[in-house]
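What follows is a short report on a single structure.
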Amino acid sequence: MVYSCSLFHSSLASKSNFPLLHHRNHPKFNRPAPIVISCSSSSTFDPSSTTSSSNNNTPSPQKNRRLADENIRDEARRHRSTAKNTLSAKYVPFNAGPDCTEYYSLDEIVYRSRSGGLLDVQHDMEALKKFDGAYWRELFDSRVGKTTWPYGSGVWSKKEWVLPEIDPDDIVSAFEGNSNLFWAERFGKQFLGMNDLWVKHCGISHTGSFKDLGMTVLVSQVNRLRKLKRPVVGVGCASTGDTSAALSAYCAAAGIPSIVFLPANKISIAQLVQPIANGAFVLSIDTDFDGCMKLIREVTAELPIYLANSLNSLRLEGQKTAAIEILQQFDWEVPDWVIVPGGNLGNIYAFYKGFKMCQELGLVDRIPRLVCAQAANANPLYLYYKSEWNEFKAVKANTTFASAIQIGDPVSIDRAVYALKNSNGIVEEATEEELMDAMAQADSTGMFICPHTGVALTALMKLRKSGVIGAGDRTVVVSTAHGLKFTQSKVDYHSKEIPDMACQFANPPMQVKADFGSVMDVLMKYLGDKAPKH
Numbered sequence: 001m002v003y004s005c006s007l008f009h010s011s012l013a014s015k016s017n018f019p020l021l022h023h024r025n026h027p028k029f030n031r032p033a034p035i036v037i038s039c040s041s042s043s044t045f046d047p048s049s050t051t052s053s054s055n056n057n058t059p060s061p062q063k064n065r066r067l068a069d070e071n072i073r074d075e076a077r078r079h080r081s082t083a084k085n086t087l088s089a090k091y092v093p094f095n096a097g098p099d100c101t102e103y104y105s106l107d108e109i110v111y112r113s114r115s116g117g118l119l120d121v122q123h124d125m126e127a128l129k130k131f132d133g134a135y136w137r138e139l140f141d142s143r144v145g146k147t148t149w150p151y152g153s154g155v156w157s158k159k160e161w162v163l164p165e166i167d168p169d170d171i172v173s174a175f176e177g178n179s180n181l182f183w184a185e186r187f188g189k190q191f192l193g194m195n196d197l198w199v200k201h202c203g204i205s206h207t208g209s210f211k212d213l214g215m216t217v218l219v220s221q222v223n224r225l226r227k228l229k230r231p232v233v234g235v236g237c238a239s240t241g242d243t244s245a246a247l248s249a250y251c252a253a254a255g256i257p258s259i260v261f262l263p264a265n266k267i268s269i270a271q272l273v274q275p276i277a278n279g280a281f282v283l284s285i286d287t288d289f290d291g292c293m294k295l296i297r298e299v300t301a302e303l304p305i306y307l308a309n310s311l312n313s314l315r316l317e318g319q320k321t322a323a324i325e326i327l328q329q330f331d332w333e334v335p336d337w338v339i340v341p342g343g344n345l346g347n348i349y350a351f352y353k354g355f356k357m358c359q360e361l362g363l364v365d366r367i368p369r370l371v372c373a374q375a376a377n378a379n380p381l382y383l384y385y386k387s388e389w390n391e392f393k394a395v396k397a398n399t400t401f402a403s404a405i406q407i408g409d410p411v412s413i414d415r416a417v418y419a420l421k422n423s424n425g426i427v428e429e430a431t432e433e434e435l436m437d438a439m440a441q442a443d444s445t446g447m448f449i450c451p452h453t454g455v456a457l458t459a460l461m462k463l464r465k466s467g468v469i470g471a472g473d474r475t476v477v478v479s480t481a482h483g484l485k486f487t488q489s490k491v492d493y494h495s496k497e498i499p500d501m502a503c504q505f506a507n508p509p510m511q512v513k514a515d516f517g518s519v520m521d522v523l524m525k526y527l528g529d530k531a532p533k534h
């Protein structure tokens, strides 16, 4: 027997243009799920009643229990609102003025504007503003930690701000996002004299990097396009590792072919094996990332392969949700600084966009200052910033342990500059020794970070030393990938096998003879050095 109640809470029923905002576990946003019970009576069951007899052997109904023969997609479909969706989004030329009339449907396959510039996803802000900031805060908070499709994802819990028109049946998600915001207590106090330092661990995700946040959006839209019979056979990307891992995983989940262009011998084994394991068609090409990017753009112009690189602005819609998550995790208080590693530079704009949407829609009253951190071996944005934005010049990216940001001609340079200028932002750089030392220092305090996070921590150290960032400033460092993807760099560092690098924080294993006396001697010395000094 199935029981259900009214579609909307009475306080919201008067909103005739109510968009598809609902959640089964929050009475303000959705009706309770139908309840299945076993009984011989045909009388109506009152879901609000909690009275039961201890002598009754009939199992108590479980709140929000799915029907036995349905999965979470089926359940979401059954609970779907019949109200008309009033929210929408479209492609427009990036940073277009108010008089621009050029736009494209998200169902079109287009990557550039008519003038050859970047595109951006523009939401109908007037429709979104019909609901105040308190409404959006409560809605987003109500979905955290749930398993309701698709809102269990940290990305799709903000669906109305990401792809408002996509059918939930088309969404491809591994419930990505909702990543840990870690209080870096010891690192902040010991190395920086800070007590409000946080690390946003975006690498604690399905494929081990923040790229999952954007790829769930892009592959979901591709899934929709294929159902609409658009000419898309597969999805392709050029990658320094993490993009290919995310693309191949989400395409595999959806049964969509993925094609990956990788620069030969320039990414870690852990990164290489991910697309291979997920069944991607991997081309190892004798060039760098910029060369792979040039080739994939040429290929996707000729073949029915959908381009998945950050030239495609869909991915940024997913990545911006990490910024919204940070605000959520601080109970909607705005941090003073957010530091993001930068390579192809889409992510710094995505964070800006997420923070800015929250400000414009009344969830917060300001945005944080942004810092983009680059490896000195691949630093075109840093050089542009130091020239006071006078002239941008692409560089030949040299080898860096922060291989995912080893990019000399970033696609999203204009986006990054816009974000930094509008957030009173800063650009810093880190040498190879600086980023590896910072990674080792962070690891010594209980973290296990990637070299890219080492770049961001180096930027923080420099800005803290110069006094730009204060001791009491609430600061968030974005960790973009999991340290387990870069174990070889850690092995090399702690083995002191990196040429021309002191590796001053190396912690190699102690070689000891297999006898009690030798082990005791070593341990006594170690414990003596570590004993508290009174």
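Heads up: the sequence shown begins at 1 in full-length UniProt numbering, then just goes up one per residue. Using N, Cα and C, we set each Cβ at its ideal position, and we do this for glycine too. Fair warning: this is a prediction, and the values are worked out from it, not measured in the lab.
Exercise for review: Return helix, strand or coil for GLU70, following the three-state DSSP convention.
Suggested key: Three-state DSSP puts GLU70 in coil, outside helix and strand.
Check your understanding: Is there contact here, the stretch 517-524 with the stretch 480-489, by at least three beta-carbon pairs under 8 Å?
Key -> Because the criterion of three Cβ pairs below 8 Å is not met, the stretch 517-524 and the stretch 480-489 do not touch.
Practice item. Classify GLU325 as helix, strand or coil using the three-state DSSP reduction. Key: helix
Check your understanding: Got a sec? Which residues, its chain only, sit under 7 Å from ILE171 by beta carbon, not counting five neighbours each side?
Key -> PRO150, TRP156, SER220
Point to revise | Span of the alpha helix (DSSP H) around THR458 | key: Note, THR458: alpha helix (DSSP H), 451-465.
Practice item. With ARG369 as the anchor, note down where its beta strand (DSSP E) starts and where it stops. Key: Segment 369-375, the beta strand (DSSP E) holding ARG369.
Check your understanding: Since GLN504 is in the beta strand (DSSP E), which residue starts that stretch and which ends it?
Key -> Where GLN504 is concerned, there is no enclosing beta strand (DSSP E), given that its DSSP letter is neither H nor E.
Review point. Grouping DSSP H, G and I as helix and E and B as strand, with all else coil, what is TYR526?
Key: In this structure, TYR526 counts as helix in the three-state DSSP scheme.
Review point. When burial is assigned at 16 or more other CB atoms within 10 Å of the CB, is CYS100 buried or exposed?
Key: exposed
Practice item. Assign ALA301 to one of two classes, buried (16 or more other C-beta atoms within 10 Å of its C-beta) or exposed (fewer than that). Key: exposed
Review point. Does the Cβ of LEU314 have 16 or more other Cβ atoms within 10 Å, making it buried, or fewer, making it exposed?
Key: The residue is buried, with at least 16 neighbouring Cβ atoms inside 10 Å.
Exercise for review: Determine which residues share a DSSP beta bridge with TYR104 and list them.
Suggested key: According to DSSP, which records beta bridges pairwise, TYR104 is partnered with TYR91.
Check your understanding: Are there 16 or more other CB atoms within 10 angstroms of the CB of GLU138, so buried, or fewer, so exposed?
Key -> exposed
Point to revise | DSSP-derived helix/strand/coil call for GLY214 | key: Looking at GLY214 - three-state DSSP - the assignment turns out to be helix.
Review point. Assuming ARG464 contacts ASP336 under a Cβ cut-off of 8 Å, what Cβ separation, rounded to an integer in Å, is found between them?
Key: That belief does not hold up - the Cβ atoms of ARG464 and ASP336 are roughly 12 Å apart, past 8 Å.
Check your understanding: Nearest-angstrom Cα distance between TYR111 and GLN511?
Key -> 57 Å
Check your understanding: Between the stretch 495-511 and the stretch 467-485, are three or more C-beta pairs nearer than 8 Å?
Key -> Cβ pair count under 8 Å is below three, so no.
Check your understanding: Where DSSP assigns a beta bridge to TRP337, which residues make up the other side?
Key -> For TRP337, which the question treats as bridged, DSSP gives the partners ARG369, THR475.
Review point. Enumerated in chain order, which unbroken segments of the beta strand (DSSP E) with a length of 3 residues or greater are wholly contained in the stretch 250-318?
Key: Whole beta strand (DSSP E) segments, 3+ residues: 258-263, 281-285, 305-307.
Review point. Closest to LYS90 by CA distance: which of ASN71, THR82, LEU119, ARG80 is it?
Key: Nearest of ASN71, THR82, LEU119, ARG80 to LYS90, Cα basis: LEU119.
Practice item. Excluding the 5 residues preceding and the 5 following MET453 in the sequence, name in chain order all residues of the same chain whose CB lies nearer than 6 Å to its CB. Key: The residue asked about is misnamed: residue 453 is Thr in this sequence, not Met. The residues are SER479.
Check your understanding: Under a Cβ-count criterion, where at least 16 other Cβ atoms within 10 Å of its own Cβ denotes burial, should GLN319 be classed as buried or exposed?
Key -> buried
Review point. GLU325 to ALA373, Cα distance in whole Å?
Key: GLU325 and ALA373: Cα-Cα distance of roughly 21 Å.
Exercise for review: Report the three-state DSSP secondary structure of CYS237 (helix, strand or coil).
Suggested key: strand
Review point. Apart from the five residues just before and just after ARG114, which ones in its own chain have a Cβ nearer than 7 Å to its Cβ?
Key: The residues are GLU102.
**Study point:** Whole-angstrom C-beta distance between VAL477 and VAL199, which should lie under 8 Å
**Key:** Right, the Cβ-Cβ distance comes to about 5 Å (below 8 Å), so this counts as a contact.
Point to revise | For VAL235 and ALA184, believed in contact at Cβ under 8 Å, the rounded distance | key: Not confirmed; about 36 Å, so no contact.
Review point. Is TRP389 helix, strand or coil when you go by DSSP?
Key: In this structure, TRP389 counts as coil in the three-state DSSP scheme.
Practice item. Give me the Cα-Cα distance between GLY483 and TRP136, rounded to the nearest whole angstrom. Key: Looking at the backbone, the Cα of GLY483 and that of TRP136 are separated by about 34 Å.
Exercise for review: Quick one: give me the first and last residue of the beta strand (DSSP E) that TRP183 is part of.
Suggested key: 181-183
Review point. Where does VAL121 sit, in a helix, a strand or coil, going by DSSP?
Key: strand
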